[in-house]
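Everything in the sequence shown is counted per the numbering used here, starting at -14 for the first residue and increasing by one.
Each remark here refers to the structure printed beneath this line.
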Amino acid sequence: MAERSIKRDYRKMVFYQIWVRSFCDGNGDGIGDLYGVYKKLEYIKSLGVDAIWLCPVYPSPNADYGYDISDYKNIHPDFGTLSQFRKVLAKTHALGMKLIMDLVVNHTSDEHPWFLESRKGKDNPYSDYYIWRDKPNNWDSLFEGKAWEYDEMRGQYYLHIFSKKQPDLNMDNPAVREEVKSIMRFWLDMGVDGFREDVINFISKKEGLPDGLPFIPAVNGIFNYKDGPHIHEYLSEFRKVCEEYDCIQIGEGPLTTVRTALMYMTGKHKSLDMMFSFDHMMADCLFTEYIHLPFDLKKLKRAFSKWQYSLYGKAWNTLYLENHDHPRVISRYGSERFWRESGTMLAVSYIFQQGTVFIYQGQEIGMTNIRLKDINQYKDISSHTNFHKYHLKDTIEERMRRIHRSSRDSSRTPMQWSDKRYAGFSQVRPWFCVNPNFKRVNVATEENDPNSILNFYRKCVSLKKKCRTLTYGRYREFFPDSREIYMYERVLGEHRWLIICSFAKYPVNVRFPDEYAGLPNQLVISNYHETDKNDMCFGPFEARVYRFPTKK
Ligand code: NOJ
């Protein structure tokens, strides 16, 4: 059989994202690592997964848990060694899966040797690796306070769009771009199959670094460092490296619009294969989960459909509902009370759209948000900033409720493998609290239940992968004004599928669109047992996938 090509086949692949520190502890120190990943590769394969995205595994002081890198060509000792990484890669490939790495080059750690050198002075060979100024502009950092920090040793300010410990690299310096290419080659030569590229739309800043609009606090300045003037030039240099290998590049770009995403993925630039969009992650908030709004199904559907319609025939969507930067989706768009129903319905809502499916660790078993009592139990830097900076007039309880709803840490609690001690994640106390619901929500229990969320994910993934229409078919949404139902079709030639999801906590009467009424159909997937396919009263969070074999 011909070797699979990720470049050729990524559109029909399903990805699994691993945030290693919380995935599985293989060496008994309470921290997830590459030994644990190695042990669990068969499990990942059993989900029907084709490729793995590994969040940063490089040495890092962990100011931002791996997104502050101090050595791009090595493995964090907490996670193992380069030799263990090679073993993981070899086994992933032997199981017929691909593996992509996180490429974080907008910034490094302030403990990276380049920064330690750069601080030494203007004559240093690394002097221009970062963005230094005598006077800061008015930009805010996304993680803590102002975007500039004064460095005593250098006698200047450096730019950090994220935390103080994440100085931005100066991508305008050709030497920095050569470093990036060398990092890419290092991993590609070892055999990795591509990159997820962190905040890649921030790497080129507007010349002169002009002040941002002062009335948009926290993201003030973003329009001066997002999609900057040389972004396509720099990305095309990186693209050239990738073209020497069979690999893909997936860009992460906060505030990416359809228009800018198409610029990255099509036309003369075509520097990325796919991009992660964020619109659908804001159906219950304004820009960030910390600014909470009531969940609005119409907003979610508008976001889904906008990307589906706009990219059709031009570019390819990524489909995801969770990752390491967002709280758990059942706790947001579903209901912990209707845990199984909403967890399975949410799977249907996104998997059958057009795009490459991403599943985040624990999503497939329906993990939910954790609610820790004290802010000091949280690890994530942005949760701390939000807590200490905003809504200071609210009571501590109110502020903690916001943290419970919004913290990225809810997606970073240890993976729940069993109902044993520490959820089977580790033999010893894990680095971070296990969600107390692990007795009920865990892989082992769900493996034994044919109706579990876990087995439902397997069913959906398997259907999606074997059906051309559900992969390539045209998308159309019905009843966009409904506040209860999300319904869409996928059509390819004679083949039609209708996907219906109820987001209501109560029973709802549903009807087929007129053009489907009376047509013979087959109910292929349902998240309720013994569903009568002709009974159109949907239970809370019910989801159905119908095949209509013939055209009218
Ligand atoms: C996006 C990453 O997904 C997130 O975890 C990180 O904090 C920021 N970029 C900064 O690297």
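A virtual CB, placed ideally from N, CA and C, is assigned to each residue, including glycine.
Only a predicted model underlies this, so the values are computations on that prediction, with no experimental measurement involved.
Practice task
Determine the extent of the beta strand (DSSP E) in which E432 is found, giving its start and end residues.
Solution key: Premise fails: E432 lies in the alpha helix (DSSP H), V428 to E432, not in any beta strand (DSSP E).
Exercise for the section: Could you tell me which uninterrupted alpha helix (DSSP H) segments, each at least 4 residues in length, are contained entirely in the region 3 to 28, listed from first to last along the chain? Expected result: 19 to 24
Exercise for the section: Would you kindly work out how many angstroms separate the C-alpha atoms of H97 and I54, rounded to a whole number? Expected result: 7 Å
Problem - Same chain only: Cβ atoms within 6 Å of R71, ignoring 5 sequence neighbours per side - result: none
Practice task
When you get a sec, list the residues whose CB is within less than 5 Å of any heavy atom of ligand 1, chain order please.
Solution key: D49, Y52, F147, D183, V184 and D310
Practice task
Report all residues from its chain with a CB closer than 6 Å to the CB of F533; omit the five preceding and five following residues, and keep chain order.
Solution key: R481, L504 and N506
Problem - Spatially closest choice to V42 from R181, G458, Y(-5) and L32, by CA coordinates - result: R181
Exercise for the section: Could you tell me if A160 is buried or exposed, where buried requires 16 or more neighbouring beta carbons within 10 angstroms of its beta carbon? Expected result: exposed
Practice task
Taking Y491 as the reference, give the member of E527, K405, Q338 and P110 with the closest Cα.
Solution key: E527
Handout entry: Alpha-carbon to alpha-carbon, M352 and V530
Key = 24 Å
Problem - Member of T273, C232 and L220 whose CA lies at the smallest distance from the CA of T251 - result: L220
Practice task
Keeping to the same chain, check which residues put their C-beta closer than 6 Å to that of K284; ignore five residues upstream and five downstream.
Solution key: A268
Exercise for the section: Evaluate contact between the region 317 to 334 and the region 342 to 358, counting only Cβ atoms and requiring at least three cross-stretch pairs below 8 Å. Expected result: yes
Exercise for the section: Please name the residue or residues paired with D136 in a DSSP beta bridge. Expected result: Q141
Practice task
Return yes when the Cβ of Y111 is within less than 9 Å of the Cβ of F100, no when it is not.
Solution key: yes
Exercise for the section: Would you be able to state if there are at least three C-beta pairs under 8 Å between the region 492 to 503 and the region 415 to 431? Expected result: no
Exercise for the section: Would you tell me roughly how many angstroms separate the C-alpha atoms of D466 and D157, rounded to the nearest one? Expected result: 47 Å
Practice task
Spell out the partners DSSP gives Y115 in its beta bridges.
Solution key: L154
Problem - Continuous beta strand (DSSP E) stretch holding L477: start and end - result: I470 to L477
Handout entry: Endpoints, the alpha helix (DSSP H) within which R387 is located
Key = I381 to S391
Problem - Euclidean distance between Cα positions of T303 and G340 - result: 5 Å
Handout entry: Buried versus exposed call for W4 [16 or more other C-beta atoms within 10 Å across all chains shown]
Key = buried
Practice task
For F372, collect the residues of the same chain with a Cβ closer than 7 Å to its Cβ; drop the 5 residues on either side in sequence, then sort them by chain order.
Solution key: I360, R384 and I388
Practice task
Would you identify the three-state DSSP class for K537, choosing helix, strand or coil?
Solution key: With a pLDDT of 49 at K537, under the threshold of 50, the modelled position of that residue is not reliable, and no figure is offered here.
Handout entry: CB of F497 within 9 Å of CB of L483, strictly
Key = yes
Problem - Contact check, V(-1) vs V34, beta carbons under 9 Å - result: yes
Exercise for the section: Please decide whether E164 counts as near chain B, where near means a Cβ-Cβ distance under 9 Å. Expected result: Chain labels in this structure do not include chain B; a single protein chain is all it has.
Exercise for the section: May I ask which residues mark the beginning and end of the beta strand (DSSP E) holding A502? Expected result: From DSSP, A502 is part of no beta strand (DSSP E); its letter is neither H nor E.
Exercise for the section: Give me the Cα-Cα distance between L144 and I188, rounded to the nearest whole angstrom. Expected result: 12 Å
Handout entry: Which residues DSSP lists as bridging V42, in chain order
Key = V42 is not bridged to any residue.
Practice task
Kindly provide the ranges of any alpha helix (DSSP H) runs that are 4 or more residues long and lie completely inside the region 257 to 339, ordered along the chain.
Solution key: 282 to 296, 314 to 318 and 324 to 336
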